[in-house]
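Quick note, the numbering used here runs 65 ahead of the 1-based positions in the sequence shown.
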Amino acid sequence: MQLNLQNIPRVETITKADFLKHYFKPQKPVVIRHLTKDWPAYSKWSLEYMKDIAGDKAVPLYDDRPVDYKDGFNEAHATMKMSDYVDLLKREPTKYRIFLWNILKEIPQLQKDFNFPDIGLKLMKGLPMLFFGGRDSHTFMHYDIDLANIFHFHFEGKKQCILFDQKQSKYLYKVPHSLITREDIDFTKPDFEKWPALKNAKGWVCNLNHGEVLYMPEGYWHYMKYITPGFSMSLRAMTKNPKNLSKAIYNVFLMRNYDNLMRRIRGQKWIDWKNKKAVINTHKSF
Ligand SMILES: O=C(O)CCC(=O)C(=O)O
Numbered sequence: 066m067q068l069n070l071q072n073i074p075r076v077e078t079i080t081k082a083d084f085l086k087h088y089f090k091p092q093k094p095v096v097i098r099h100l101t102k103d104w105p106a107y108s109k110w111s112l113e114y115m116k117d118i119a120g121d122k123a124v125p126l127y128d129d130r131p132v133d134y135k136d137g138f139n140e141a142h143a144t145m146k147m148s149d150y151v152d153l154l155k156r157e158p159t160k161y162r163i164f165l166w167n168i169l170k171e172i173p174q175l176q177k178d179f180n181f182p183d184i185g186l187k188l189m190k191g192l193p194m195l196f197f198g199g200r201d202s203h204t205f206m207h208y209d210i211d212l213a214n215i216f217h218f219h220f221e222g223k224k225q226c227i228l229f230d231q232k233q234s235k236y237l238y239k240v241p242h243s244l245i246t247r248e249d250i251d252f253t254k255p256d257f258e259k260w261p262a263l264k265n266a267k268g269w270v271c272n273l274n275h276g277e278v279l280y281m282p283e284g285y286w287h288y289m290k291y292i293t294p295g296f297s298m299s300l301r302a303m304t305k306n307p308k309n310l311s312k313a314i315y316n317v318f319l320m321r322n323y324d325n326l327m328r329r330i331r332g333q334k335w336i337d338w339k340n341k342k343a344v345i346n347t348h349k350s351f
C-alpha cells in the first residue's frame, strides 16, 4: 500500500491570469518548467558555482536527528565551510542540509542571477532563502510558520516533493504546538501498521529538476527528499487569507514562544508528551 498522492500538474509556462485563476485562487499546487529559462541562474547555478562564490562562508547545517528540548527553534546542528560542504555533497550521501539560508545577507551578488517573476503575487523581496541537501537526505514534513505562498525553485539534480493541504492535518500525526508531523514517519514509504491514519490522507507529489519551480499554496505541508545532491531557492508571498494571517500571527508570537518556554521548564518530557499527543489526537479523530 502507498500514500494516496496525485501528480502535481506540470506546465511549460503560464500567464499571470492563468496562474491566478487555475492555481492561486483554488489554492492548488503546480510545477512551472520554464519560468527561470531567462535567468542567468538557469545556466550558472550549480553546486560548483556556489563553491566558487561562497566557498569561504561558514554554513549552518541540519541533520535528521529528532527535536531535542535543548535546541532552540531552528537551531543548527553543525557548521562547515561551504567549499567543504559542497565537496561532501559530491563525494557521498550525507544527512547534512542547509535550511533557510538568506541569500541577500550571505551572498548579495547572487541577486543579479534571478528576478522576482511577475506572477500576480507580491513576492517578499527581502526573503529569498536557499536550501541544500545530499543524496537521500530529507526535510521533515512541515509547513511554514507564516503560511505564505511559496515558489520553490530547484537547481542541480532531482528532488521529490510530497505535499498536503491543511485539511489533511487530522491524518498526518501533527505534533501539537509545532509546525511538524511525527519525525519518525517516512513519507516515501510509510509504515501503515504504525501510522494507519495516513491511509486517509490525500496529497500531491512531484519530482523537481534543474530550473523548475513548484508553487506551494498557503500553509501546505511539504516533505522534500533530495534524490540527488542539489539546492533550491524559495521566494514567498504573504498569505491573503485573513484566517491564515491570524494563524501566522498566532504561530509567530504565541505558539513559538510558548513552545520555547515549555522546553525550558519541562525539558525532554515536553517533547515526549507532544509526540505521544500527536498519535492520540490523530487516532481520536480519524
Ligand atoms: O527543500 C528543503 O530542504 C526545504 C524547503 C522548504 O521547507 C521551503 O521551501 O519552505
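Glycine included, each C-beta is placed from N, C-alpha and C at the ideal position.
Alpha carbon of residue i to alpha carbon of residue j, nearest angstrom
i    : j    : result
M194 : W110 : 15 angstroms
M327 : K187 : 36 angstroms
H142 : Y127 : 5 angstroms
D353 : H287 : Past the edges of the chain, shown from 66 to 351, lies residue 353, and the structure says nothing about it.
Y285 : L279 : 12 angstroms
K155 : Y114 : 13 angstroms
T159 : D201 : 8 angstroms
K339 : G332 : 12 angstroms
K239 : A343 : 5 angstroms
Cβ-heavy atom distance, residue i to ligand 1, below 7 angstroms
i    : result
S297 : yes
I330 : no
I210 : no
I97  : no
G268 : no
G284 : no
T204 : yes
R130 : no
I292 : no
I215 : yes
G276 : no
G198 : yes
Own chain, CB closer than 7 angstroms to residue i, minus 5 neighbours either side, in chain order
i    : result
K81  : D183, I184, G185
L85  : G185
W104 : D178, F179, N180
Cβ shell of residue i (< 8 angstroms), same chain only, five flanking positions each side left out
i    : result
I172 : I118, A119, K122
S108 : none
Y150 : V124, L126, Y161, I163, F197
First and last residue of the uninterrupted alpha helix (DSSP H) at residue i
i    : result
L112 : 112-119
R328 : 321-331
P105 : 105-109
I168 : 168-171
I314 : 307-315
L126 : Premise fails: L126 lies in the beta strand (DSSP E), 123-126, not in any alpha helix (DSSP H).
Close beta carbons around residue i, own chain, < 6 angstroms, minus the five adjacent residues each side
i    : result
Q233 : A266
F205 : I245, E248
Beta strand (DSSP E) segment containing residue i, residue limits
i    : result
N69  : 69-72
L195 : 194-198
**Prompt:** Where in the stretch 211-243 do unbroken runs of the beta strand (DSSP E), each at least 3 residues long, occur, reported from the N-terminal end onward?
**Reply:** 214-220, 224-229
**Request:** Output the residue ranges of the beta strand (DSSP E) runs that lie fully inside the stretch 259-298 and measure 3 residues or longer, sorted by chain position.
**Result:** 267-273, 278-281, 286-291
**Ranges of the alpha helix (DSSP H) found wholly within the stretch 80-104, counting only runs of at least 4** = 81-84
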